[in-house]
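With numbering that gives the first Met the number 0, the residue at position 9 of the sequence shown is 8, and numbering never jumps.
All C-beta atoms, glycine included, are put in the ideal place defined by N, C-alpha and C.
Single-structure report; data block below.
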Amino acid sequence: MIEQGKLKTLTARSVKWNIIDRVSSQLLYGVTGIILARLLSEEDFGLVGAILVFQAFASLFVDSGFSFALIQRKAPSRLDYSTVLWFNLGVASALYVVLFFCAPLIASCYGGDERLIPLSRVMFLSFILNASAIVQTNRLMKKMDVRMVAASNALGLLVASVVGIWMAFGGYGAWAIVWQTLTLNAVKSAVLWCTSGWLPLMRFSWRSLRGFFAVGSGMMASSFLNVLFQNIYSFFIGNRAGLAPLGYYTQADKWSKMGVTSISQVVTSSFLPTLSQVQDDPERFTRVSAKMNRFTAYVLMPAMGFLIVMATPIFHCLFGTKWDPAIVLFQLLLLRGVFTVLTSLYNNYLIALAKTRAVVAMETLRDGAALLFLLATLPVIALTTEGDRVLGIKILLYGQLAASAITWLVMTAKVASVTNRPLVHVVYDNIPYVLQTIVIGAVMWLESQFIANAWMLLVAQAATALILYLAVNRLLGSNIQREVLAFLHKK
0 MIEQGKLKTL
10 TARSVKWNII
20 DRVSSQLLYG
30 VTGIILARLL
40 SEEDFGLVGA
50 ILVFQAFASL
60 FVDSGFSFAL
70 IQRKAPSRLD
80 YSTVLWFNLG
90 VASALYVVLF
100 FCAPLIASCY
110 GGDERLIPLS
120 RVMFLSFILN
130 ASAIVQTNRL
140 MKKMDVRMVA
150 ASNALGLLVA
160 SVVGIWMAFG
170 GYGAWAIVWQ
180 TLTLNAVKSA
190 VLWCTSGWLP
200 LMRFSWRSLR
210 GFFAVGSGMM
220 ASSFLNVLFQ
230 NIYSFFIGNR
240 AGLAPLGYYT
250 QADKWSKMGV
260 TSISQVVTSS
270 FLPTLSQVQD
280 DPERFTRVSA
290 KMNRFTAYVL
300 MPAMGFLIVM
310 ATPIFHCLFG
320 TKWDPAIVLF
330 QLLLLRGVFT
340 VLTSLYNNYL
350 IALAKTRAVV
360 AMETLRDGAA
370 LLFLLATLPV
380 IALTTEGDRV
390 LGIKILLYGQ
400 LAASAITWLV
410 MTAKVASVTN
420 RPLVHVVYDN
430 IPYVLQTIVI
440 GAVMWLESQF
450 IANAWMLLVA
460 QAATALILYL
470 AVNRLLGSNI
480 QREVLAFLHK
490 K
């Protein structure tokens with residue numbers, strides 16, 4: 000087991016590089032997204048959004064949860080890594096062949112739009128490229144050395160951005176997004192293979208694969224349910240409301256995920272390897288998980304809350320008024336994202352302790368609640384009014400927000416049990432940062448009542464959020480903030 004001081008340093012370093020990765024990636028992704036959003040139509044984004052529904056499921060089966068099993072295992076061998084790599088590539092190739100011939104059926108789900116056939120056949124190549132990089136990324140995460148992962152993401156996004164923007168200016172429409180995605184995955188995989196210094200064995204071990212099955216199959220089931228309910232909304236919106244409303248939802252979902260997914264990935268990539276090192280020491284596990292709760296709340300609550308308040312000036316500064324119907328969807332998805340990140344954090348504790356059945360049970364609960372609300376709101380998804388083109392989608396998201404909140408309440412109780420902490424303590428980890436976010440958010444909202452210019456309002460609100468949040472936490476003597484600032488200053 001890694002000693003406490005070294006483990007803390009490795010975890011902090013991993014968090015730092017994961018944050019650098021996320022920030023740099025999102026900046027590049029954001030700049031490209033802004034340009035593409037101005038150049039391409041709502042229908043172009045709807046076409047790609049329709050394809051992404053099917054790609055998400057294909058990508059899920061490629062990995063099959065074994066990457067989680069590799070991280071959970073203390074010391075995977077070269078044969079273990081090689082076996083998972085060959086499995087990923089084999090499944091990816093087989094699925095691509097199936098989906099290639101199923102492309103006309105995909106088009107039939109969206110009114111028989113034949114543009115989807117060639118678009119999907121090319122787009123699906125991306126999950127084969129991505130499959131080749133899963134194990135390379137996993138090895139670096141396991142060693143808590145994610146610098147090259149950050150570099151590969153940044154370089155991939157830079158090259159992909161150039162390709163996507165060039166094609167958008169050339170009038171290629173949805174093809175610009177498709178080739179941007181392919182370029183990103185190809186460059187990222189190439190960089191990792193060229194710099195990792197690791198090559199797989201030309202062997203495949205069924206015994207090794209079976210050894211991962213207990214954790215992998217549990218995470219596969221959990222991930223399947225998660226992906227299902229992340230993408231089922233896009234399917235029904237596109238199928239019932241049309242590609243233009245799907246375009247609004249896709250934009251809102253994409254920009255909200257820049258915050259939600261970034262924080263969730265930082266939490267998983269940085270914390271799960273640490274937790275796997277202390278899984279056999281209950282007292283230490285309790286202490287570490289409590290600190291992770293507070294750190295996540297310190298970052299998550301203001302990030303989501305302040306973005307919700309600044310949503311309108313952000314969209315107006317970046318896109319003008321073209322995507323205004325997406326603003327309220329963006330805000331609702333951010334609010335739901337708070338529960339998504341907390342659930343992801345809590346899953347880390349269960350995975351580290353190999354309690355994958357509990358993970359599946361929690362996912363089943365969440366998705367069961369989500370399904371009930373989806374069925375209740377399904378008849379009104381296409382509902383619009385003269386002043387609200389996304390009224391039905393808003394109703395859908397209110398239902399999903401309620402489902403996420405219910406799941407969080409139940410999962411918090413489960414996590415309190417496995418981490419040996421009172422339920423009230425686990426809940427209280429979030430309370431100080433929630434209250435601060437509400438109070439500071441109210442001040443930011445008041446600024447919007449007096450400042451009309453979108454750029455001036457955005458700058459004023461961002462400055463208010465940063466200054467007040469740091470100041471309030473300093474006055475309250477936040478240990479988390481003190482440690483974060485001390486680490487940043489030291490490095």
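| Item | Value |
| --- | --- |
| Helix, strand or coil: how does DSSP classify T384 here? | strand |
| Could I get the ranges of all uninterrupted alpha helix (DSSP H) runs contained in the region 141-192, with 4 residues as the minimum, in chain order? | 146-168 |
| One question on the structure: do N419 and P281 come within less than 8 Å of each other, judged by their Cβ atoms? | yes |
| Look at V190 and L154 and say whether their C-beta atoms are less than 8 Å apart. | yes |
| What's the gap between the Cα of W178 and the Cα of I50? | 13 Å |
| Do T180 and M122 have their C-beta atoms closer together than 8 Å? | yes |
| On the criterion of 16 or more Cβ atoms from any shown chain inside 10 Å, does P421 qualify as buried, or is it exposed? | exposed |
| With H, G and I counted as helix, E and B as strand and the rest as coil, what does DSSP make of V52? | helix |
| For V298 and A159, what's the separation of their Cα atoms in angstroms? | 29 Å |
| Could you check how far apart the C-beta atoms of R293 and D428 are, in whole angstroms? I think they sit under 8 Å. | 5 Å |
| In three-state DSSP terms, what is R202? | coil |
| Using DSSP with H/G/I as helix, E/B as strand and the rest coil, what is L373? | helix |
| What are the boundary residues of the alpha helix (DSSP H) that Y297 is part of? | P281 to V308 |
| Is M361 near T406, with beta carbons less than 8 Å apart? | yes |
| Are the beta-carbon atoms of T249 and I164 separated by less than 8 Å? | no |
| If you draw a straight line from the alpha carbon of L98 to that of V379, how long is it in whole angstroms? | 31 Å |
| Looking only at its own chain, which residues have a Cβ that is under 8 Å from the Cβ of M147, when we skip the five neighbours before and after it? | L139, V190, L191, T194 and S195 |
| Can you confirm whether the region 357-376 touches the region 323-334 when touching is taken to mean that 3 or more C-beta pairs between the two stretches lie within less than 8 Å? | no |
| How would you write the range of the alpha helix (DSSP H) that N472 sits in, first residue to last? | A453 to L474 |
| Whether or not the region 307-319 and the region 339-353 are in contact is what I'm after, with contact meaning three or more pairs of Cβ atoms, one per stretch, closer than 8 Å; do they touch? | no |
| Going by the beta-carbon positions, is the gap between S288 and Y232 smaller than 8 Å? | no |
| Starting from the Cα of L400, find the closest Cα among L331, V96 and L84 and give me that residue. | L331 |
| Let me check understanding here. Comparing Cα to Cα, which of S255, V438, N478 and W444 lies closest to G497? | Because the chain spans 0 through 490 in this model, residue 497 falls outside it and cannot be assessed. |
| Under 8 Å: do the region 385-398 and the region 429-443 share three or more Cβ pairs, one atom per stretch? | no |
| Along the chain, where does the alpha helix (DSSP H) containing D494 start, and where does it finish? | Only positions 0 to 490 of the chain appear in this structure, which leaves residue 494 out of reach. |
| In terms of alpha-carbon separation, which member of A381, G29, P75 and A402 lies closest to I236? | A381 |
| Got a sec? Which residues, its chain only, sit under 6 Å from A240 by beta carbon, not counting five neighbours each side? | I380 and A381 |
| Grouping DSSP H, G and I as helix and E and B as strand, with all else coil, what is V259? | helix |
| Tell me the rounded alpha-carbon separation between Q435 and A470. | 11 Å |
| Measure from the alpha carbon of G246 to the alpha carbon of each residue in R37, Q460 and T136, then state which is nearest. | R37 |
| Helix, strand or coil for T418, going by three-state DSSP, please let me know. | coil |
| Three-state secondary structure (DSSP) at T355? | helix |
| Quick check on this structure: which residue in A369, L370, T384 and V414 has the alpha carbon closest to the alpha carbon of T355? | V414 |
| Answer yes or no: do F126 and A173 have a C-beta to C-beta separation smaller than 8 Å? | no |
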